[in-house]
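J.: Note that my numbering numbers the sequence shown so that position 247 is 247, with each residue one more than the last. All residues carry an ideal CB built from backbone N, CA and C; glycine is no exception. Being a predicted model, the structure only gives us computed values, none of them experimental.
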Amino acid sequence: MSDLADLEKHATAELAASVDEATLRAWNTKYFGTNGEVLAALKAIGGIPKDERKAYGQEANRIKEALSRSYEAALADAKERALNESLTANPLDVTLPGRPVTRGRLHIATQVMRQIYAVFADMGFQVYRTREVEDDLTNFELLNMPPHHPARDMWDTFHTTVPGVILRTHTSPGQIHVMRESCPQPIRVILPGMCYRYEAITTRSEIQFQQVEGLVVGEHVTMTDLKGTITAFARRLFGQERQVRFRSSYFPFTEPSIEVDIDWPKDDPNADRLTKGTGWLEIMGAGMVHPVVLRNGGYDPAKFTGFAFGMGPQRITMLKHAIDDIRQFWGNDLRFLQQF
Ligand code: DAH
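1. Roughly how far, in whole angstroms, is the beta-carbon of Y128 from the beta-carbon of L191, given that I think they are within contact range, below 8 Å?
2. Give the single residue among S18, A40 and Y196 whose Cα lies nearest to the Cα of A78.
3. Hey, would you say the C-beta of H159 is under 6 Å away from at least one heavy atom of the ligand DAH?
4. My understanding is that F246 touches Y198, with C-beta atoms under 8 Å, so please give their C-beta distance in whole angstroms.
5. Work out the CA separation of I323 and N270 for me, nearest whole Å.
6. For Q367, which residues in the same chain have their Cβ closer than 8 Å to its Cβ, ignoring the five residues on either side in sequence?
7. What's the gap between the Cα of V112 and the Cα of A234?
8. Suppose you measure from the CA of G239 to the CA of V94; what does that come to, to the nearest Å?
9. Specify whether the segment 146-156 and the segment 257-268 touch according to this definition: at least 3 beta carbon pairs, one from each stretch, less than 8 Å apart.
10. Is the number of C-beta pairs between the segment 62-81 and the segment 18-36 that are closer than 8 Å three or more?
11. Exposed or buried, E368, counting other C-beta atoms within 10 Å across all chains shown (16 or more means buried)?
12. Apart from the five residues on each side of it in sequence, which residues of its chain come closer than 8 Å, Cβ to Cβ, to K9?
13. Closest to R188 by CA distance: which of L226, E141 and M194 is it?
14. Kindly indicate the opening and closing residues of the alpha helix (DSSP H) around T171.
15. I'd like the list of long-range same chain contacts for S2, defined as Cβ closer than 6 Å, with 5 residues on each side in sequence excluded.
16. If the criterion is Cβ atoms closer than 7 Å, does the pair T305 and V221 meet it?
17. Going by DSSP, what residues sit across from C183 in a beta bridge?
18. Any idea what DSSP makes of H177, helix, strand or coil?
19. Thinking C-beta only, is F209 closer than 7 Å to G312?
20. Name the residue from M194, S172, T202 and T110 whose alpha carbon lies nearest to the alpha carbon of E132.
This is the structure we're talking about:
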């Protein structure tokens with residue numbers, strides 16, 4: 001019993017002398033740890049003569065409870081003291097302005113893609129997504145470009161280590177996928193997505209860029225439909241007063257093929273530079289789907305016709321916002337991105 005009284009006395013004195021959290025925790029280990037003195041005193045109960053055991057046990061438990069309550073109270077005090085000290089040492093000025101939470105936004109490329117989707121959605125087009133990793137067959141051959149066809153030179157290609165597997169150089173192979181899936185139903189879709197070309201990176205060309213392809217297939221689709229659709233699109237995007245010009249061109253997957261220009265506002269100070277003095281600006285390639293391509297998609301060219309077009313939304317964005325370097329799009333420079 002006198003051992004217990006002694007334990008209580010020196011534990012209490014030591015606790016009172018422990019002023020910060022670290023010494024308090026050391027105290028706790030010394031008395032309440034696995035080899036602590038309080039636990040030892042409790043363990044000793046079994047060795048006490050029977051007639052004293054009850055009294056000893058009660059006293060040991062009382063001391064344990066008392067010490068542990070004192071410890072919790074002392075710890076809480078120490079923590080509060082430490083907090084108050086740090087607040088006095090580093091005063092908190094609640095009148096300082098807070099740090100603003102910066103607001104996120106959609107990437108300019110995403111914004112323009114959504115504008116384009118909205119225009120075509122109003123004309124009844126659905127969005128059809130296809131793969132970015134393609135095979136040579138779909139990217140070229142089925143689009144009427146057999147191996148060694150000179151037109152392949154228009155697309156410098158990223159090859160993979162798997163023979164015949166490439167990164168798509170344009171969204172046009174999506175035409176084959178959507179036709180094979182839809183045949184013999186009529187089709188009216190746009191096919192947006194990233195394309196890749198193995199090219200020197202300059203202010204006007206990048207190795208990755210988006211395209212929006214369009215494809216319409218049906219029983220009475222004509223060049224007039226193509227012209228009307230593209231004119232409506234160009235005016236929605238660039239202004240109702242725009243003039244649209246169609247020039248004949250060549251693509252292996254369309255016959256006839258055209259390129260589409262819009263006139264550029266003459267009062268724009270950049271007009272001369274953008275249009276190289278012609279007043280006209282190219283916005284896309286297009287044409288009537290080649291019979292070979294229709295057949296490769298499963299459609300009988302004697303019964304079905306179609307038109308297709310392909311444009312680069314980065315180019316269109318550059319026109320709309322007078323951006324002179326295409327590398328800005330994927331350069332992750334906030335000074336550029338935050339302008340939109
Ligand atoms: N795929 C062509 C390119 O990347 C663009 C294009 C031209 C798509 C004419 C078409 C089209 O669908 O009819 O240069």
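T.: Result, derived from the coordinates:
1. Mapped onto the sequence shown, residue 128 falls at position 128. Mapped onto the sequence shown, residue 191 falls at position 191. About 5 Å; that satisfies the 8 Å criterion.
2. Residue 78 sits at position 78 when you count from the first residue of the sequence shown. Measuring from the Cα of A78, the nearest candidate turns out to be S18.
3. Taking the first residue of the sequence shown as 1, we reach residue 159 at position 159. Because no heavy atom of the ligand DAH lies under 6 Å away, the Cβ of H159 does not count as near it: no.
4. Along the sequence shown, read from residue 1 onward, the residue named residue 246 stands at position 246. Along the sequence shown, read from residue 1 onward, the residue named residue 198 stands at position 198. In fact, because the Cβ distance is near 31 Å, the residues do not count as touching under 8 Å.
5. Position 270 of the sequence shown, counted from the first residue, corresponds to residue 270. Position 323 of the sequence shown, counted from the first residue, corresponds to residue 323. Answer to the nearest angstrom: the Cα atoms are 11 Å apart.
6. Nothing about residue 367 can be reported from this structure: the residues present for the chain run from 1 to 340 only.
7. The residue given as residue 112 occupies position 112 in the sequence shown. The residue given as residue 234 occupies position 234 in the sequence shown. Cα to Cα, V112 sits roughly 13 Å from A234.
8. Position 239 of the sequence shown, counted from the start, is the residue given in the question as residue 239. Position 94 of the sequence shown, counted from the start, is the residue given in the question as residue 94. Those two C-alpha atoms are separated by around 51 Å.
9. no
10. yes
11. Because the chain here runs from 1 to 340, residue 368 falls outside it and cannot be looked at.
12. Reading the sequence shown from its first residue, position 9 is the one you call residue 9. Contacts found: none.
13. If you number the sequence shown from 1, residue 188 lands on position 188. Among L226, E141 and M194, the Cα nearest to that of R188 belongs to L226.
14. Taking the first residue of the sequence shown as 1, we reach residue 171 at position 171. Careful: T171 lies outside any alpha helix (DSSP H) and carries neither H nor E.
15. Residue numbering aside, residue 2 sits at position 2 when the sequence shown is read from its first letter. Excluding residues within five positions, none has a Cβ falling inside 6 Å.
16. Locating residue 305 in the sequence shown gives position 305, where the first residue counts as 1. Locating residue 221 in the sequence shown gives position 221, where the first residue counts as 1. Against a cut-off of 7 Å, the Cβ pair of V221 and T305 comes out as a contact.
17. Counted from its first residue, the sequence shown places residue 183 at position 183. The partner list for C183 (beta bridge, DSSP) is empty, contrary to what the question assumes.
18. Sequence index remark: in the sequence shown, residue 177 carries index 177 (1-based). Three-state DSSP puts H177 in a helix.
19. On the sequence shown, position 312 is the one that residue 312 refers to. On the sequence shown, position 209 is the one that residue 209 refers to. Cβ distance < 7 Å, so G312 and F209 count as in contact.
20. Position 132 of the sequence shown holds residue 132. Closest option to E132, Cα to Cα, is M194.
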